[in-house]
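The sequence shown runs 1 to 929 under UniProt numbering. Glycine is no exception: its CB is placed at the ideal position from the N, C-alpha and C atoms. Note that the coordinates shown come from a computational prediction; the quantities given were computed from them, not determined experimentally. Working notes for the structure below.
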Amino acid sequence: MPKKWDKKCRSRKLKIMEDGEHAKSERHPSHLRGKEIGMFYARRAFLRRQQEKEAGIVRPERVIGEITLPASKIEELEKLLRSTLIYVDESNPAFKRKFDLLVNGRIEDHVNIRTFEQNALLDEKLKEEYDLRQTTPEYQSMLEKRKTLPTYQLKKDIINAVESNQIVVISGETGCGKTTQVAQFVLDDHVEQGKGSICHIVCTQPRRISAISIAERVAVERAEKLGEGVGYQIRLEKVLPRERGSIVYCTVGVVLRQMESDPYLSQVSHLILDEIHERDVKSDLLITLFKQILTKRPDLKLILMSATLNAEKFSAYYNNCPHLNIPGFTYPVQEFYLEDVLQRTGFTFKGFKSKHSKRRSKDEEFYSGFMEPYIRQLQANKTCSVEVCEMLRNPQLEEEVNLDLIFALLVDICETEQDKGAILVFLTGFMEISNLNRMMEYSGKFPRSEFLIIPLHSQMPTVNQKHVFERPPRGVRKIVLSTNIAETSVTIDDVVFVIDCGKIKMTDYDAEVDTYTLKPQWVALANANQRKGRAGRVQPGICFHLFSRPRNLVLEQYQKPEILRTRLENTILSIKVLQLGKCFEFLSGLMDPPPEDSILMAVSLLKRLNALDDDESLTSLGYHLAKLPIAPQMGKMVLFGAMFSCLDPILSVAASLDFKDAFMIPLGKENQVDQMRRELSSGWMSDHLLLYNALHQFEKRNGFNARQFCSKYFLSMSTLQQLQKMKVQFMEYLFETDFVDTKNHKDKKFNLNSNNVILVKAIICAGLYPNVGTISGKRRKFPRTMAGYRVNWHPKSVLSKELHFPSPLFVYYLKLKSTSNFVHDATIVHPLPLVFFGDKYEYDSTNSLIGLADKQLCFKCSQKTNTIIKEIRDKLNWFLEYKVSNPGVVDWTSSKEEITVLRAVMELITNEELGSTSFTDFDDNCQIH
Ligand code: ADP
Ligand code: MG
């Protein structure tokens with residue numbers, strides 16, 4: 001572990017410890033600020049829990065209820081258990097050891113790396129084709145365009161640099177031609193030299209949409225069809241080119257998947273990592289990984305491409321490898337700031353709340369130190385009106401993206417600017433894009449005959465996005481409303497005006513409280529520059545930043561890399577399945593190593609999911625979870641769904657949670673959407689079953705009336721179709737690994753229990769554990785996480801409208817802090833699914849309590865009932881583990897012992913919720929806290 005971290009983490013922890021210890025009083029010490037206050041209380045609660053645990057104290061509110069089985073049931077189960085032959089006697093049985101050996105090798109152990117062999121026949125054929133193509137008018141006309149790109153001017157230098165170095169960094173302004181040209185130069189050079197057969201170039205893109213659009217573009221430039229010399233591959237969609245003498249544009253995820261079976265990418269001659277300045281987790285991972293790969297593959301070339309931003313950093317990371325910068329040509333862009341826009345439009349901000357929201361200390365400094373002197377200067381110079389200066393003084397002006405102001409500016413540009421060039425507006429997300437679009441439509445100021453308004457967002461269906469590049473007919477002005485996707489990955493040539501809202505929406509992960517936050521933040525200078533540059537591609541342009549000049553001075557240089565803003569479970573599973581050794585060691589070699597807390601947190605969750613063992617090696621379950629293209633909790637759900645024969649609903653839930661839910665919320669129709677969601681949720685007290693039912697009803701229609709169904713229930717058809725594709729993909733994995741013997745997820749054999757909603761909820765619970773919460777208070781108003789943090793139901797959750805819950809327990813997937821600490825999706829569950837699938841099971845015979853998760857959840861239970869439950873639980877877990885290590889179909893129609901155990905579990909769980917196995921909930925006499 002690098003010393004620097006260690007010291008930083010320790011000193012931070014120590015400080016909070018001290019605070020926690022000397023301050024036994026109620027409130028936090030007054031010198032703490034912001035996040036520190038939350039950390040103070042979290043730490044104090046943590047210490048208190050530790051003390052309680054050591055002293056064996058169980059707080060009354062942790063006892064959720066009582067589990068009782070009737071004597072006749074106990075007798076019946078005892079009989080059943082006596083007759084089964086599943087013995088749970090070995091802690092590390094042979095089947096597991098065998099599997100461990102198989103999956104826990106090291107990447108270095110791979111020998112015999114196959115590489116390319118030249119094929120003279122193919123070389124000749126490729127050359128002939130190439131020569132022929134060059135004579136076509138299509139090729140020639142595209143070539144003329146290509147020659148105008150700055151990258152084309154450096155063609156020779158690029159080819160030479162790649163030829164004589166194993167690693168090269170190429171940087172250049174967005175739009176200068178890196179992505180489309182560099183791969184073609186290398187391929188064409190090989191073909192010309194008669195060695196096309198040893199060239200297969202893979203070029204990664206951070207987004208699905210850019211992989212497709214670039215591949216299509218390059219095919220057009222080469223005057224050939226997609227799938228000949230150029231193709232693409234993204235998850236669930238691909239058009240692959242020939243194996244040799246070709247270029248594939250793909251997402252980074254696709255390369256990582258390939259490396260699981262072919263770690264040294266033996267079929268690739270050149271790997272281009274494109275757009276690496278974006279610093280997404282997967283690219284960062286690949287950059288580090290290639291330090292190991294290249295030593296074993298001296299013939300493999302690595303080309304790192306980035307915008308001009310921080311290219312030096314990448315070159316330094318690779319021992320100062322050669323760096324080629326492509327000087328761009330962009331026309332000058334004039335920049336204006338918030339104060340200019342206010343002055344220009346005469347806009348007045350009406351949204352000020354009478355009382356200023358409390359300024360945070362950092363902002364206070366900014367307003368007194370930077371803003372005030374600047375405003376005085378404006379006043380002295382009479383550059384801005386008194387009203388504008390007053391508005392600038394109010395921090396609320398900058399708090400949120402102001403669509404009214406953007407609208408006013410758009411109207412102003414369209415009315416006053418002679419130039420009819422396209423306008424590009426940068427917004428933070430889907431909602432803003434759709435709201436602004438609506439405002440423009442309803443205002444009547446942007447008639448279709450004169451304006452072409454294009455919303456651009458990565459989650460919109462790819463087909464609609466092709467207009468973006470096209471020039472509109474004469475007299476029609478193009479206005480693109482986009483997220484930051486138009487900063488680098490999508491280039492629109494004819495933009496002359498840019499409106500930069502100044503914000504960017506980013507998720508951030510706080511390991512300390514295990515929560516994601518999603519809030520609009522200030523852009524970094526790098527983003528602001530990039531946005532500005534978009535205006536000067538074809539002629540001089542104008543950029544309006546909706547932040548003030550003083551704000552511009554205090555913007556960060558770069559955005560935080562994603563690895564520092566995200567949970568690491570998936571990354572760690574990738575590291576494991578790529579056989580890269582201990583994750584701590586590997587992660588500390590990254591360009592920006594993630595904080596120790598996040599790594600510990602992720603490893604601990606993976607251990608709790610039983611994906612990693614104590615030694616941090618992949619367990620058999622972990623192996624499958626790493627292989628399934630889905631977050632580990634959903635992967636677990638899918639495997640259990642197969643074994644419990646309720647696969648179809650579980651696949652729907654897993655796909656929806658992993659991708660996105662299909663509901664849309666059109667402006668002003670929130671209540672109707674709520675109503676439809678409630679209708680589809682059928683009173684099951686579960687957002688997850690709602691997701692299932694939405695997809696289920698869609699599939700049932702089988703294309704018939706599907707469109708009407710979608711519009712009635714506000715569902716996005718393209719999302720539903722994507723979810724269907726994902727289900728098919730999961731099925732393929734289950735088929736390949738023998739968990740199922742058909743690729744049809746509707747097959748009866750794997751859906752015998754799909755109608756048992758209670759079982760389906762239990763399997764969802766098995767997957768989402770340990771994301772468990774309790775609802776306390778007399779009226780069950782206060783949801784909390786298992787660790788005791790207060791949360792609220794997100795308004796879109798069906799539970800947010802419920803007044804009565806049949807059980808005070810719920811499981812959830814996404815907890816996100818935005819305007820409040822929201823649980824976005826939840827399912828109400830009863831205790832037995834948790835007892836069977838939860839971890840750290842213990843029985844406290846003095847108090848007759850079953851405890852789970854270090855007694856964070858406790859249930860009263862007699863010794864006799866506990867004995868029987870524990871035995872069934874052990875047998876179940878042994879069987880599940882056995883099955884995961886020895887995949888095979890679980891045949892529910894057989895009378896094998898294993899099925900008897902599964903069936904017993906299913907019956908117990910079902911009866912509990914139906915009320916015949918009893919669970920008494922202590923809500924009424926529970927202490928409110
Ligand atoms: P870079 O990777 O340096 O940002 P690209 O290679 O992506 O640049 O783009 C180079 C040029 O090719 C762009 O300026 C644009 O004019 C053109 N271009 C790229 N993609 C398309 C497309 N799909 N349709 C039309 N033109 C495109
Ligand atoms: Mg590019």
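- Do Lys532 and Gln521 have their C-beta atoms closer together than 8 Å? By one-based count along the sequence shown, residue 532 stands at place 532. By one-based count along the sequence shown, residue 521 stands at place 521. Against a cut-off of 8 Å, the Cβ pair of Gln521 and Lys532 comes out as no contact.
Looking at the ligand MG, does it come within less than 7 Å of Thr179, judged from the CB to the closest heavy atom? As a first step, residue 179 must be located in the sequence shown, where it is residue number 179. Yes.
Going by alpha carbons, who is nearest to Leu409 out of Lys761, Phe704, His545, Glu75?
If you number the sequence shown from 1, residue 409 lands on position 409. Checking every option, the nearest Cα to that of Leu409 belongs to His545.
Check your understanding: Taking the continuous alpha helix (DSSP H) assigned at Asp839, which residues delimit it?
Key -> Here residue 839 refers to the residue found at position 839 of the sequence shown. Segment: none, Asp839 is in no alpha helix (DSSP H) and carries neither H nor E.
Can you determine whether any heavy atom of the ligand ADP sits closer than 7 Å to the C-beta of Thr330, and answer yes or no?
As a working note, residue 330 is residue 330 in the sequence shown. No, Cβ of Thr330 sits at least 7 Å from all heavy atoms of the ligand ADP.
Whole angstroms are fine: how far does the CA of Tyr841 sit from the CA of His270? By one-based count along the sequence shown, residue 270 stands at place 270. By one-based count along the sequence shown, residue 841 stands at place 841. So the alpha carbons of these two residues sit roughly 52 Å apart.
* **Contained beta strand (DSSP E) runs [length at least 3] in the stretch 284-345, N- to C-terminal order** => 301-306, 323-326, 333-336
(Q) Taking 8 Å as the cut-off, does the stretch 884-891 touch the stretch 736-748 (at least 3 CB pairs, one atom from each stretch)? (A) yes
Open item on the list: Suppose you measure from the CA of Gln134 to the CA of Arg146; what does that come to, to the nearest Å?
Closed with: As a first step, residue 134 is located in the sequence shown; it is residue number 134 there, counting from the start. As a first step, residue 146 is located in the sequence shown; it is residue number 146 there, counting from the start. For Gln134 and Arg146, the distance between alpha carbons rounds to 14 Å.
State whether the stretch 150-158 contacts the stretch 244-263, with contact taken as three or more CB pairs (one from each stretch) at a distance under 8 Å.
no
Could you tell me how far apart the beta carbons of Ala161 and Leu324 are, in whole angstroms, since I believe they sit closer than 8 Å? Indexing the sequence shown from 1 puts residue 161 at position 161. Indexing the sequence shown from 1 puts residue 324 at position 324. That pair is a contact at about 6 Å.
What residue does the beta strand (DSSP E) around Ser776 start on, and which one ends it?
-> By 1-based counting over the sequence shown, the position of residue 776 is 776. It spans 772-776 - the beta strand (DSSP E) in which Ser776 sits, taken as one unbroken run.
Would you list the residues sitting across from Lys503 in a DSSP beta bridge?
Walking along the sequence shown from the start, residue 503 turns up at place 503. Answer is Trp522.
> Between Met601 and the rest of its own chain, which residues show a CB-CB distance below 8 Å, the 5 nearest in sequence each way excluded?
Replying inline: Taking the sequence shown and counting its residues from 1, the one referred to as residue 601 is at position 601. Result list for Met601: Ala511, Asp514, Arg567, Leu568, in chain order.
| task | Give a yes or no on whether the C-beta atoms belonging to Val476 and Ile492 are separated by under 8 Å. | result | The residue you call residue 476 lines up with position 476 of the sequence shown. The residue you call residue 492 lines up with position 492 of the sequence shown. No, these two residues do not count as a Cβ contact at 8 Å.
- Task: Could you tell me whether the Cβ atoms of His277 and Asn320 are closer together than 8 Å?
- Result: As a first step, residue 277 must be located in the sequence shown, where it is residue number 277. As a first step, residue 320 must be located in the sequence shown, where it is residue number 320. No, Cβ-Cβ distance for His277 and Asn320 is not below 8 Å.
Exercise. Asn847 lies in the beta strand (DSSP E); which residues open and close that run?
Worked result: Taking the first residue of the sequence shown as 1, we reach residue 847 at position 847. Taken as a continuous stretch (DSSP letters only), Asn847 belongs to no beta strand (DSSP E), as it is neither H nor E.
**Item:** CA nearest to the CA of Leu734, picked from Tyr41, Leu639, Asn877
**Value:** Within the sequence shown, numbered from 1, the residue matching residue 734 stands at position 734. Answer by Cα proximity: Leu639.
Under 6 Å Cβ to Cβ from Pro783, same chain only, skipping five residues before and after it: list those, please. As a first step, residue 783 is located in the sequence shown; it is residue number 783 there, counting from the start. Closer than 6 Å at Cβ, skipping near neighbours: Gly773, Ile775, Val791.
- Task: My understanding is that Ile326 touches Gly172, with C-beta atoms under 8 Å, so please give their C-beta distance in whole angstroms.
- Result: Within the sequence shown, the letter at position 326 stands for residue 326. Within the sequence shown, the letter at position 172 stands for residue 172. Sure, about 3 Å apart at Cβ, within 8 Å.
* Go through its chain and collect everything with a Cβ distance to Leu723's Cβ below 8 Å, but skip five positions before and after it. => By 1-based counting over the sequence shown, the position of residue 723 is 723. Counting only Cβ-Cβ distances below 8 Å, and skipping sequence neighbours, we find Ser652, Ala655, Ser656, Phe659, Ala662, Leu695.
Quiz item: If you compare alpha carbons, which of Leu578, Glu562, Thr488, Arg565 is closest to Arg534?
Solution: Looking up residue 534 in the sequence shown gives position 534. That would be Thr488, whose Cα lies nearest to the Cα of Arg534.
Which residues in the same chain have their Cβ closer than 7 Å to the Cβ of Ala215, if we skip the five residues on either side of it in sequence? Indexing the sequence shown from 1 puts residue 215 at position 215. Same-chain partners within the cutoff: Leu226, Val230, Gly231, Tyr232, Tyr249.
(request) Check each candidate in Thr819, Val798, Cys176, Lys291 and name the one with the smallest Cα separation from Ala826. (result) What you label residue 826 is simply residue 826 of the sequence shown in a count that begins at 1. The candidate whose alpha carbon is nearest that of Ala826 is Val798.
(Q) Rounded to the nearest angstrom, what separates Asp131 and Glu228 at their Cα positions? (A) If you number the sequence shown from 1, residue 131 lands on position 131. If you number the sequence shown from 1, residue 228 lands on position 228. If you take the alpha carbons of Asp131 and Glu228, they lie about 15 Å apart.
ask   = Whose C-alpha, out of Asn610, Asp614, Asp615, is nearest the C-alpha of Tyr623?
value = For the purposes of this step, residue 623 is taken as the residue at position 623 of the sequence shown. Comparing Cα-Cα distances from Tyr623 to each of Asn610, Asp614, Asp615, the minimum goes to Asn610.
Review point. Between Pro395, Glu260, Ile287, which lies nearest to residue 943 when the distance is taken from Cα to Cα?
Key: It is not possible to answer for residue 943, since the shown part of the chain is limited to 1 through 929.
State the Cα-Cα distance for the pair Ala380 and Phe366, rounded to the nearest angstrom.
Within the sequence shown, numbered from 1, the residue matching residue 380 stands at position 380. Within the sequence shown, numbered from 1, the residue matching residue 366 stands at position 366. In a straight line, the C-alpha of Ala380 is about 20 Å away from that of Phe366.
Checklist entry - Roughly how many angstroms separate the alpha carbons of Gly589 and Ile563, rounded to a whole number? => result Reading the sequence shown from its first residue, position 589 is the one you call residue 589. Reading the sequence shown from its first residue, position 563 is the one you call residue 563. Between Gly589 and Ile563, the C-alpha separation is close to 13 Å.
Taking just the CA atoms, how far does Leu621 sit from Lys627?
One-based indexing of the sequence shown puts residue 627 at position 627. One-based indexing of the sequence shown puts residue 621 at position 621. Approximately 10 Å between the Cα atoms of the pair.
* To do: Give every residue of the same chain whose Cβ lies closer than 7 Å to the Cβ of Leu342, excluding the five residues on either side of it in the sequence, and list them in chain order.
  => Sequence index remark: in the sequence shown, residue 342 carries index 342 (1-based). These residues qualify, in order along the chain: Val388, Met391.
When you compare each of Leu580, Phe586, Ile572, Glu585 to Leu606 by their alpha carbons, which one comes out closest?
For the purposes of this step, residue 606 is identified with residue 606 of the sequence shown, where counting begins at 1. Among Leu580, Phe586, Ile572, Glu585, the Cα nearest to that of Leu606 is on Ile572.
ask   = Alpha carbon to alpha carbon, what distance is there between Val281 and Val218?
value = Mapped onto the sequence shown, residue 218 falls at position 218. Mapped onto the sequence shown, residue 281 falls at position 281. Cα to Cα, Val218 sits roughly 27 Å from Val281.
**Message:** For Cys646 and Leu759, which I take to be in contact (beta-carbon distance under 8 Å), what is that distance rounded to the nearest angstrom?
**Reply:** For this step, residue 646 is matched to residue 646 along the sequence shown. For this step, residue 759 is matched to residue 759 along the sequence shown. That belief holds up - the Cβ atoms of Cys646 and Leu759 are roughly 6 Å apart, short of 8 Å.
What residue range does the alpha helix (DSSP H) around Leu809 cover? By one-based count along the sequence shown, residue 809 stands at place 809. Looking at the DSSP string, Leu809 is not in any alpha helix (DSSP H); the run it does join, the beta strand (DSSP E), is 809-812.
>> Would Asp874 and Asn751 be called neighbours here (beta carbons separated by less than 8 Å)?
In response: If you number the sequence shown from 1, residue 874 lands on position 874. If you number the sequence shown from 1, residue 751 lands on position 751. Contact: no.
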